[in-house]
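Keeping their order, the protein sequence lines are chains G and H.
Heads up: take any position in the first sequence, counting from 1, add 6, and you land on my numbering.
Heads up: take any position in the second sequence, counting from 1, add 608, and you land on my numbering.
Don't be surprised by glycine CBs; every beta carbon is placed ideally from N, CA and C.
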Amino acid sequence: MRTASHRTNSHGVIKKIMLQEEIPNSLTGTVSSLYIHVPFCQSKCHYCDFYSISSANSEQLHRWHETIKLELQRLASESEAAGLEIQSLKTIYYGGGTPSLVPVKFLSEELDLCRELFGIDEDAEITLEANPEQLNSKRIAADWLEAGINRLSMGLQSASDRLLQVLGRRHTREDAYHAFNYAHQAGFRNISADLISGLPDATMSDVEDTLNFIDSLPLAHISCYALDVAHNTRFAKMQAENPERFPDDLLERQMFHRIRDTLIGRGFQHYEISNFALDSFESRHNTVYWRAEPYLAAGPAASSYLAGIRRSNPASLSTWVKSVQEEGPFSENNITEIISDEEAMRESMLLGLRLLAGVNAEDFRNHHGRDYRILFASQIEKLCQRGLVDFNGETMRLAHKGEDFCNIVFREFV
Amino acid sequence: MEKIPPSHIRNFSIIAHIDHGKSTLADRLIEHTGALTSREMHEQVLDNMDLERERGITIKARAVRMLYKSKSGEMYIYNLIDTPGHVDFNYEVSRSLAACDGAILVVDASQGVEAQTLANAYLAVDADLEILPVINKIDLKTARPEEVRQEIEDVLGIDAADAPLISAKNDINIDAVLEAIANKLPPPEADDSKPLRALVFDSEYDTYRGVIVHVNVQDGKISEGDEIKMMHSGKKFIVTELGTFLPGSYSTVDSLSAGDVGYVVASIKNVRDTAVGETITTVENPATEPLPGYKPVQQMVYCGMYPVDGGDYPDLRDALEKLQLNDAALSFEPETSAALGFGFRCGFLGLLHYEIVQERLEREFDLDLISTAPSVVYKLNLTSGETINLDNPTNMPPVEEIESIEEPIVRASIMTPTEYIGNIMALCHERRGIYVNTEYLDEKRVNLHFDLPLNEIIYDFFDALKSRSKGYASLDYELKGYEPSDLVKLDILINNEAVDALTFIVHRDHAYARGRKMTENLQENIPRHQFEIPIQAAIGGKIVARETVRAYRKDVTAKCYGGDISRKKKLLEKQKEGKKRMRQVGSVEIPQEAFMSVLKLDE
Chain G
7 MRTASHRTNS
17 HGVIKKIMLQ
27 EEIPNSLTGT
37 VSSLYIHVPF
47 CQSKCHYCDF
57 YSISSANSEQ
67 LHRWHETIKL
77 ELQRLASESE
87 AAGLEIQSLK
97 TIYYGGGTPS
107 LVPVKFLSEE
117 LDLCRELFGI
127 DEDAEITLEA
137 NPEQLNSKRI
147 AADWLEAGIN
157 RLSMGLQSAS
167 DRLLQVLGRR
177 HTREDAYHAF
187 NYAHQAGFRN
197 ISADLISGLP
207 DATMSDVEDT
217 LNFIDSLPLA
227 HISCYALDVA
237 HNTRFAKMQA
247 ENPERFPDDL
257 LERQMFHRIR
267 DTLIGRGFQH
277 YEISNFALDS
287 FESRHNTVYW
297 RAEPYLAAGP
307 AASSYLAGIR
317 RSNPASLSTW
327 VKSVQEEGPF
337 SENNITEIIS
347 DEEAMRESML
357 LGLRLLAGVN
367 AEDFRNHHGR
377 DYRILFASQI
387 EKLCQRGLVD
397 FNGETMRLAH
407 KGEDFCNIVF
417 REFV
Chain H
609 MEKIPPSHIR
619 NFSIIAHIDH
629 GKSTLADRLI
639 EHTGALTSRE
649 MHEQVLDNMD
659 LERERGITIK
669 ARAVRMLYKS
679 KSGEMYIYNL
689 IDTPGHVDFN
699 YEVSRSLAAC
709 DGAILVVDAS
719 QGVEAQTLAN
729 AYLAVDADLE
739 ILPVINKIDL
749 KTARPEEVRQ
759 EIEDVLGIDA
769 ADAPLISAKN
779 DINIDAVLEA
789 IANKLPPPEA
799 DDSKPLRALV
809 FDSEYDTYRG
819 VIVHVNVQDG
829 KISEGDEIKM
839 MHSGKKFIVT
849 ELGTFLPGSY
859 STVDSLSAGD
869 VGYVVASIKN
879 VRDTAVGETI
889 TTVENPATEP
899 LPGYKPVQQM
909 VYCGMYPVDG
919 GDYPDLRDAL
929 EKLQLNDAAL
939 SFEPETSAAL
949 GFGFRCGFLG
959 LLHYEIVQER
969 LEREFDLDLI
979 STAPSVVYKL
989 NLTSGETINL
999 DNPTNMPPVE
1009 EIESIEEPIV
1019 RASIMTPTEY
1029 IGNIMALCHE
1039 RRGIYVNTEY
1049 LDEKRVNLHF
1059 DLPLNEIIYD
1069 FFDALKSRSK
1079 GYASLDYELK
1089 GYEPSDLVKL
1099 DILINNEAVD
1109 ALTFIVHRDH
1119 AYARGRKMTE
1129 NLQENIPRHQ
1139 FEIPIQAAIG
1149 GKIVARETVR
1159 AYRKDVTAKC
1169 YGGDISRKKK
1179 LLEKQKEGKK
1189 RMRQVGSVEI
1199 PQEAFMSVLK
1209 LDE
């Protein structure tokens, strides 16, 4: 955990001296994580409300790649003026969209550029989100490894071809089976699969079937998300027209619990509300988010959190290109939120409690210089009484019941 | 300026169905007489409350004085007394009309005669006013002025041969109206040698001067320094200021004589001391009889008003006090609800009055309110021989103490094109209406008369009427009296606990259907909790309807990564804000809307 003393910009130091009461600013000026957004998809999945361009052409891909490089360069050259110290990167995450659509040559160039500009730690975690249908040979996986990718996060969602169709996915169970094995054969040891619980038309036997299927796959990490029907998606329309196709929340929870309990039985750690990992395979990049640590961002619609400021790039390829060229990554126009010390402490609770290890008093003090047990005494008491959290005097974590009702817990900290 | 004699004074009002152009015509008259230059002219000068302008209705009476030079070259004083335009304010209308000698009846050239045209014309006839019909909006494509002229004659029995054809909006033929006022409407019968009798037709409150009483001097004369007496309340005051009305302002004078319309200021602290319909006389030379027609204010509809945030209770009290300064018809007294905390039982002239007060409290005073379903006043004859008025269903005594219950009945006139007669008959029967008769106005339109219980029309009757007649039917009603009725108290239990604020009184025959509808509405409005919530309707101890809000099994934000932290936080904040606006009853959180769901009983 970083402490306030790491803060390097002069402004912060002056502020600290002037304030009699020592409230160290938790918003450290150092960063060592990078998110890169790939806005391209072959087609839109029926549940997805992320920014993406369906059926991208190679001209757009080129423009994206060139602008990513420019954005990385500007991040490097303008960070100091922004009061920021970019350290050798510990995590890089290609998310999307469908990052597996990006030519490996581009990935390789971009990662080389990162190495040149910021440095990349020897043991850095470098993730690529991939769709199973694109990983159709061992060769592709080998190329990714070669380019520097060392972790794959694959959108499996379900092992049922019937449900995959409902989802609007382009892969089949068989595609997926091969894809995971190609990756493993090529040498990937850190492979993750995404699942969704509560899919329309899904039954408990579909869940069982998927669990059996993934047992045969070389997985170190699994994310399982309760379906969240977002506005303006095909699913929203479907739900309005045929609500009976969607499992009610009782059944969805039963499905999720079945998955959770099975995975725990197989030796996975349930380390975040929706995430499971074999020992030491927790997603280090995502843990940065949950610990409210800073991260850089590149690509359209990508968000960063730097020195207490949240920014989001424009969610359109052309606007983003223009923004990177004309204003650069530290543009005020991209600021979405400026986090005060108090807000930062609330976020540490809100996000930290997503991790089932919970929020630890010592970590919190190292981060914020304050004692959360005093700051949030009334919330802790209330939530303990309701059986939503467990508190042992040092650490507060979600209780079993709290996993299903985590929003009640989170609302206490917004 | 030389004194204009009473023979050249015209005191008149403009009456019309809603939206037929009353306020627009008033604006034009003011503009044409130069009381305001057109540049100063703010549309609908007389309706100066935002709410009035938005809704296109007049809530408070208002007067304005104009000078008109007729074609014959003589000067006239025109006192236009604007009357409220809704059945809730019928008494106020009748008092305003009593201050007039004539009325301009505005009829829309395409809509023709409508329910309130009729009702208002009758009020004017009852007040012995000379009626000057005017056909407005003649420039609309759908205008049918000659048919409407005939309608006025046939339906109202008023000679409309000379009715000016005008467009107030587009300033067509306004001069004809101005000239007709001088020629067709009579001057006041004024005798300033008699003892003073001035009719109070409105009042308003001014922070510095106290109550400004709007009067029409019918006999005698009132001067600055006079000691005056209210003939009904008996209160005495010294006149400190007199004046006449300019649009939006005042012009002081030394005295007002018979025939004049103006205002009196006399250090009066409370509008209730100068109720509408009061007669002012002098202490020195008092009149023997007050002017006829005075009625004390009678509230017809009551409801509980509670601040959403209990801490706003003092603010709500202050706001109600301020509104009451200008609105003698509003009553309120503190009440407590187990579900809603501290609030006020407020009394209104009718549902529109209630809506207006509620909106003004929210808009002008920035208060968030929960109001309980409106209730009428029931007369309860108790076995003890005592009779009580019940305006809050929660306070209904146990059944065994009640001998009988009487409820207020109104005589409703519903004017409608003939094709909707069936729908409207059905609606009125659903609402326990008793058919009285049908008046055929012409081939296409009828005036249906029904006796309806007031408690059946204060909820959503008007909306239902509009929806079942595609907006064509119009409604007017007046209180007919009280009649015995088989009424029961319907309690609503949420999670097995009776919620006092949701209790209402209903006819026994409708109790099951209403109870079912109520529980359905509540089921939709109450969010799921971590436990199952039964919602029941009960009469006495007997459950007549039940719905269940199923327990929810999860409240999870499954995904939260770098890009959506802000969004997810906002979502949680919004949910938290929503919860704040809910009321905790036992362990159940009930949103504001639920308390109003009793109002939505029609499909």
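C-beta neighbour in chain G for residue i, strict 7 Å
i: residue 1185(H); result: no
i: residue 1169(H); result: yes
i: residue 1164(H); result: yes
i: residue 1128(H); result: no
i: residue 1160(H); result: yes
Neighbour-count burial assignment, residue i, 16 or more Cβ in a 10 Å radius
i: residue 995(H); result: exposed
i: residue 339(G); result: exposed
i: residue 721(H); result: buried
i: residue 815(H); result: exposed
i: residue 137(G); result: buried
i: residue 265(G); result: buried
i: residue 1007(H); result: exposed
i: residue 210(G); result: exposed
i: residue 1043(H); result: exposed
Any chain H beta carbon closer than 7 Å to residue i
i: residue 344(G); result: no
i: residue 408(G); result: no
i: residue 411(G); result: yes
i: residue 136(G); result: no
i: residue 175(G); result: no
i: residue 259(G); result: yes
i: residue 415(G); result: no
i: residue 394(G); result: no
i: residue 179(G); result: no
i: residue 316(G); result: yes
i: residue 255(G); result: yes
Cα-Cα separation between residue i and residue j, rounded to whole angstroms
i: residue 936(H); j: residue 811(H); result: 9 Å
i: residue 66(G); j: residue 335(G); result: 20 Å
i: residue 163(G); j: residue 63(G); result: 26 Å
i: residue 1067(H); j: residue 950(H); result: 24 Å
i: residue 839(H); j: residue 866(H); result: 18 Å
i: residue 757(H); j: residue 709(H); result: 23 Å
i: residue 235(G); j: residue 689(H); result: 59 Å
i: residue 31(G); j: residue 370(G); result: Bear in mind that a pLDDT of 40 at residue 31(G), under 50, signals an unreliable position, so the model cannot answer this.
i: residue 701(H); j: residue 1004(H); result: 34 Å
i: residue 807(H); j: residue 827(H); result: 10 Å
i: residue 786(H); j: residue 1002(H); result: 55 Å
i: residue 1148(H); j: residue 1059(H); result: 29 Å
i: residue 691(H); j: residue 621(H); result: 7 Å
i: residue 103(G); j: residue 1171(H); result: 13 Å
i: residue 685(H); j: residue 678(H); result: 11 Å
i: residue 854(H); j: residue 637(H); result: 13 Å
Best match in the options for proximity to residue i [C-alpha to C-alpha]
i: residue 377(G); options: 391(G), 393(G), 390(G), 401(G); result: 401(G)
i: residue 986(H); options: 1015(H), 966(H), 975(H); result: 1015(H)
i: residue 1089(H); options: 1109(H), 1141(H), 1017(H); result: 1017(H)
i: residue 350(G); options: 1174(H), 1100(H), 635(H); result: 1174(H)
i: residue 41(G); options: 397(G), 219(G), 302(G), 114(G); result: 302(G)
| request: Could you list the residues in the region 104-123 of chain G with a C-beta less than 8 Å from some C-beta on chain H, going in chain order? | output: Result list empty, no residue passes.
| Contact list for the region 791-812 of chain H against chain G, Cβ threshold 9 Å | none
| Contact residues within the region 1175-1201 of chain H, judged by C-beta distance below 7 Å to chain G | Of all residues in the region 1175-1201 of chain H, 1177, 1180, 1181, 1183, 1184 have a Cβ within less than 7 Å of some Cβ in chain G.
| message | Which residues of the region 1104-1135 of chain H have a Cβ closer than 9 Å to any Cβ of chain G? Give them in chain order. | response | Legend: CB atoms of the region 1104-1135 of chain H lying less than 9 Å from CB atoms of chain G are not found in any residue.
| message | Can you pull out the residues from the region 904-928 of chain H whose beta carbon lies closer than 8 Å to at least one beta carbon of chain G? | response | none
| Members of the region 302-331 of chain G that neighbour chain H once the beta carbon cut-off is set at 9 Å | Within the region 302-331 of chain G, the residues whose Cβ lies closer than 9 Å to some Cβ of chain H are 303, 307, 308, 309, 310, 311, 316, 318, listed in chain order.
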